[in-house]
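Notes follow once the structure below has been shown.
Protein chains: 2
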Amino acid sequence: MPSEDQFLGALFRRLGPFPPEVAVPPGDDCAALRLGSGSLLLVAVDQVVGDRHYCLDGPAAATPEEVGHKLLARNLSDIAAMGGIPCYCLVALGMSPRHDAVWTRRFLDSIADAARRFGVSMIGGDLAATPADAVAALTILGRVGAETVCRRAGAQPGDLLFATGAFGASLPTGHHLRFTPRCAEGRWLAENRYARAMIDVSDGLLLDLERLCRASDVSVRLDPDSIPRRVPGIPLAEVLTDGEDYELLFAVRPERADELIAAWPFDAVPLARIGVFRPRTGDLVQDMNGRMFGAVDAAGAGYDHFRQTPA
Amino acid sequence: MPSEDQFLGALFRRLGPFPPEVAVPPGDDCAALRLGSGSLLLVAVDQVVGDRHYCLDGPAAATPEEVGHKLLARNLSDIAAMGGIPCYCLVALGMSPRHDAVWTRRFLDSIADAARRFGVSMIGGDLAATPADAVAALTILGRVGAETVCRRAGAQPGDLLFATGAFGASLPTGHHLRFTPRCAEGRWLAENRYARAMIDVSDGLLLDLERLCRASDVSVRLDPDSIPRRVPGIPLAEVLTDGEDYELLFAVRPERADELIAAWPFDAVPLARIGVFRPRTGDLVQDMNGRMFGAVDAAGAGYDHFRQTPA
């Protein structure tokens, strides 16, 4: 079985060539289309599945509001990673037999309400009945300047790696259901040209950092001691591979790092310098001595949805 | 339990007001956005669910190519109903444990290939594993002139009701898996200003015709003998309520009807005049004597996905 990245990478290569209107082809957090007048239309889709992305039953069962928030916020995080402004969403809901009209109404209303708070209008949807599972997909549309859009590609050797927020223990803390997507931060970083390359962390810091490195054709040396931990004392492997942090990782020119730290206007959101990019070598992510993260590799490098298991 | 239309109607009312950029709010076959330069961006999402929209097992089991074709074509049909040109699509796939990489690759490749034949580029997607069900959602983006866009609203008393193609027996004939969406026809009807209001028939001729009437605030007298049947001799109730025809219903000014019939350039696609619009009264769809379709009501008025049963 290929990994999700291998599978999707091969698929995306078969999809091209794309019309010139496609400014960012599939493979980034969003695709981007040139639709007149200097700004790009960002588009992405993401899903949540019952008993995969949240618990349907038991003491940890998610409310419809939590499920709705998570679905929307995951997509907002993809817009944030491109430095964009979210604008519209559409929801496709596959309702399991346990989902009555009350659950469905609470779920959809919670998305619409949360969307409104982010300036997003829900403009469409589809309902279907499923035999058993609860599966919901949300499509997000956003806008970003053609000159300010951030991609996974663009990090250069010598650039510094920064991260917003903290990492690890997303499940036990409930962060994965209640996080705030870094929309304002992503937009600010892009519009002020601090971020040269950016990605959001959904599948694990290490896995998503590897994706940024691969797209930018660089390696990175990561300083594990500098990474803020969501819960003090949790093991490094959890910090690096738990995923569902929905924080931003981004590359900053070294000469702008001090200015960034001084100008950072989001007092409630930690900003940490956690590594430095290097010319590409065999290991994409290394420790500060240039060695790969052996302990982490043994623990798995993040969540691979395609394999249905931690990779 | 409310019907799907009641439920979604109430939801869409709670969603507004919309920004001025929203030219067509939710409730039509697509939403439409004003994104500069006279043309509108059309957006819609639709799903297919295993053992709901196609058979997973048994002699009627659908191939991944058939499932992919159906998912794309349903969405193309929504663009056609607005008179638009489809451009881009994104696919979210919830993979059941029985879906291996081979099935998934065949499914996605078939969508990409079919999309290309309609001038559509696949620009994004998401894969997730489900506990049991196969659920796929496709988001379609298209374009249409701000002056030519067709909506469900717009039919006037005295307008004639036309239909493309034939109706009924979509399941037993396999039409529901292999139909050709009426993209060229819908675009031609819109660009030549023949269609004043239009809808595609997914949930049944009667149910979708009621939706067009409700949006246009008219009733319609339907001549059952004039409706082309997909299989000769099938009962009227099947013609009116089977659904999954993916044909177009549209309103034409009476003084343009002869011109339309003479100019119709799609030799392989039947064009039939099947009714006449009237001022709105209690029954939205009536027989030619102004009575409601009693026999049809008993048989159910189309497929209601929200109730999980024929309505």
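Order-wise, the sequence lines are chains A and B.
When we follow this note's numbering, the leftmost residue of the first sequence carries the number 1, and every step to the right adds one.
When we follow this note's numbering, the leftmost residue of the second sequence carries the number 1001, and every step to the right adds one.
Don't be surprised by glycine CBs; every beta carbon is placed ideally from N, CA and C.
Item	Value
Check each residue of the stretch 42-69 of chain A: if its Cβ is closer than 7 Å to any Cβ of chain B, include it; give the result in chain order.	Val43, Ala44, Val45, Asp46, Gln47, Val49, Asp51, Arg52
Looking only at DSSP bridge pairs, what is Val91/A linked to?	Gly125/A, Leu138/A
Residues of chain B with CB closer than 7 Å to the CB of Leu312/A, please, in chain order.	Any property of residue 312/A remains undetermined from this structure, which presents chain A solely from 1 to 311.
What are the boundary residues of the beta strand (DSSP E) that includes Arg313/A?	With chain A running from 1 to 311 in the structure shown, residue 313/A is simply not present.
Once you ignore the five residues that flank Ala1155/B on each side, which residues in its own chain have a CB closer than 7 Å to its CB?	Arg1196, Ala1197, Leu1212, Ser1216, Val1218, Ala1251, Phe1277
Where in the stretch 1145-1206 of chain B do unbroken runs of the alpha helix (DSSP H), each at least 4 residues long, occur, reported from the N-terminal end onward?	1175-1178, 1183-1191
Following the continuous alpha helix (DSSP H) through Ala1080/B, name the residue where it begins and the one where it ends.	1064-1081
Is Gln308/A close to chain B, meaning its C-beta is less than 7 Å from at least one C-beta of that chain?	For Gln308/A, the predicted structure reports a pLDDT of 41, less than 50, and the residue's modelled location is therefore unreliable. A value from the coordinates is still provided. With 7 Å as the cut-off, Gln308/A counts as an interface residue toward chain B.
Rounded to whole angstroms, what's the CA-CA distance from Glu1244/B to Val45/A? Just pull it up for me.	26 Å
Are the stretch 123-130 of chain A and the stretch 1154-1169 of chain B in contact at 8 Å, needing three or more beta carbon pairs?	no
Could you check if Asp1200/B is buried or exposed, using at least 16 other CB atoms within 10 Å of its CB as the buried criterion?	buried
Is Val120/A helix, strand or coil by DSSP?	coil
Closer than 7 Å by beta-carbon distance: list the chain B residues that pair up with Phe250/A, in chain order.	Near Phe250/A there are no residues of chain B at all, since even the closest Cβ is about 21 Å away, more than 7 Å.
For chain B, is any of its Cβ atoms less than 7 Å away from the one on Ser77/A?	no
According to the Cβ coordinates, are Phe1162/B and Arg1273/B closer than 7 Å?	yes
At least one CB of chain B closer than 7 Å to the CB of Leu72/A: is that the case?	no
Using the C-alpha atoms, what's the distance from Cys1089/B back to Ile1123/B?	6 Å
Residues in the stretch 119-151 of chain A with C-beta within 8 Å of chain B's C-beta atoms, listed in sequence order?	Ser121, Met122, Ile123, Gly124, Gly125, Asp126, Leu127, Ala128, Ala129, Thr130, Pro131, Ala132, Asp133, Val135, Ala137, Thr139, Leu141
Exposed or buried, which one is Met288/A when buried takes at least 16 other CB atoms within 10 Å?	exposed
Given that Arg1014/B touches chain A, what residues does it touch there, using C-beta distances under 8 Å?	Asp109, Ala112
Does any C-beta atom of chain B lie closer than 7 Å to the C-beta of Leu177/A?	no
Please list, in chain order, the chain B residues whose beta carbon lies closer than 8 Å to that of Leu35/A.	Leu1035, Gly1036, Leu1041
Is any beta-carbon of chain A found at less than 7 Å from that of Gly1094/B?	yes
Got a sec, what are the start and stop residues for the alpha helix (DSSP H) Ala262/A sits in?	257-263
Once DSSP output is grouped into helix, strand and coil, what is the label at Ala1237/B?	helix
Buried or exposed, going by whether 16 or more other CB atoms sit within 10 Å of the CB of Pro1270/B?	exposed
Let me know if Ile261/A comes out buried or exposed under the rule of 16 or more other beta-carbons within 10 Å of its beta-carbon.	exposed
Give the interface partners of Phe7/A over in chain B, defined as CB-CB distance under 8 Å, in chain order.	Ala1101, Thr1104, Arg1105, Leu1127
Quick one: Cα of Ser1077/B to Cα of Leu177/A, how far?	36 Å
Could you confirm whether any beta carbon from chain A is found closer than 7 Å to the beta carbon of Pro1026/B?	yes
Report yes or no: is there a C-beta of chain A within less than 7 Å of the C-beta of Phe1018/B?	yes
Please classify Thr1164/B: is it buried, with 16 or more other beta-carbons within 10 angstroms of its beta-carbon, or exposed?	buried
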